[in-house]
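Presented below is the structure to which this report refers.
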Amino acid sequence: MVVETRVRDLVDEYPPTAENYNKCIDSLRVRFDRELLIEFYVRELLSLVPRMSQIPDLKGEITHRYDQLEPQLRSFEFIGMTSDKYAAMLLLLVESCIPENILRIWLRNPPGPTAEESYSQKLTQLLKFLKLEVED
């Protein structure tokens, strides 16, 4: 185990006994599971960006892109990562995954006032917009 890390510090708080083993494991899970999930989901979403750029901008391909994006974003919601703290990053990643012609339509016709909207609200609106594009 690496010395002077948060994990090491947490483990060192528990005396090395059999009864403390499960307590230590539980503490590690509580403290670090969410961080690992966030890293995993961000990597998954980032891996979509280059794959999406290789998909041609054909009419039916927006459905394919949406079908890949939507479950990824649901994963972020599952771990509570759609707050404004993360929404700015997620919004930019989603925008980079959609075809340029659809992105232009979105940017030209934002729904409602955009200046005072939070990133979380903008992300929600973008996803609604994409869903409508897919359903058309």
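One point on numbering: in UniProt numbering, the residue at position 118 of the sequence shown is 118, and numbering is uninterrupted. Beta carbons: idealized from backbone N, C-alpha and C, even for Gly.
Enclosing alpha helix (DSSP H) for residue i [first to last residue]
| i | result |
| --- | --- |
| residue 141 | As shown, the chain starts at 1 and ends at 136. That puts residue 141 outside it, with no answer to give. |
| aspartate 9 | 6-12 |
| aspartate 84 | 84-97 |
| asparagine 101 | 100-108 |
Test item: CB-CB of residue i and residue j under 8 Å
| i | j | result |
| --- | --- | --- |
| lysine 122 | leucine 91 | yes |
| arginine 51 | isoleucine 98 | no |
| aspartate 84 | tyrosine 119 | yes |
| leucine 36 | leucine 10 | no |
| isoleucine 62 | glutamate 135 | no |
For residue i, three-class secondary structure by DSSP
| i | result |
| --- | --- |
| threonine 124 | helix |
| serine 47 | helix |
| serine 27 | helix |
| glutamate 117 | coil |
| methionine 81 | coil |
| aspartate 136 | coil |
Spatial distance of residue i from residue j (CA atoms)
| i | j | result |
| --- | --- | --- |
| threonine 17 | valine 30 | 20 Å |
| glutamate 117 | phenylalanine 32 | 32 Å |
| phenylalanine 76 | asparagine 20 | 32 Å |
| methionine 89 | cysteine 24 | 33 Å |
| glutamate 95 | glycine 80 | 21 Å |
| leucine 48 | leucine 73 | 12 Å |
| arginine 6 | glutamate 44 | 25 Å |
| phenylalanine 12 | asparagine 22 | Note on residue identity: the sequence assigns aspartate, not phenylalanine, to residue 12. For aspartate 12 and asparagine 22, the distance between alpha carbons rounds to 14 Å. |
| aspartate 67 | isoleucine 38 | 20 Å |
| leucine 46 | leucine 93 | 7 Å |
| arginine 34 | tyrosine 86 | 14 Å |
Cβ of residue i within 8 Å of any chain C Cβ
| i | result |
| --- | --- |
| arginine 6 | This model lacks chain C altogether; it includes just one protein chain. |
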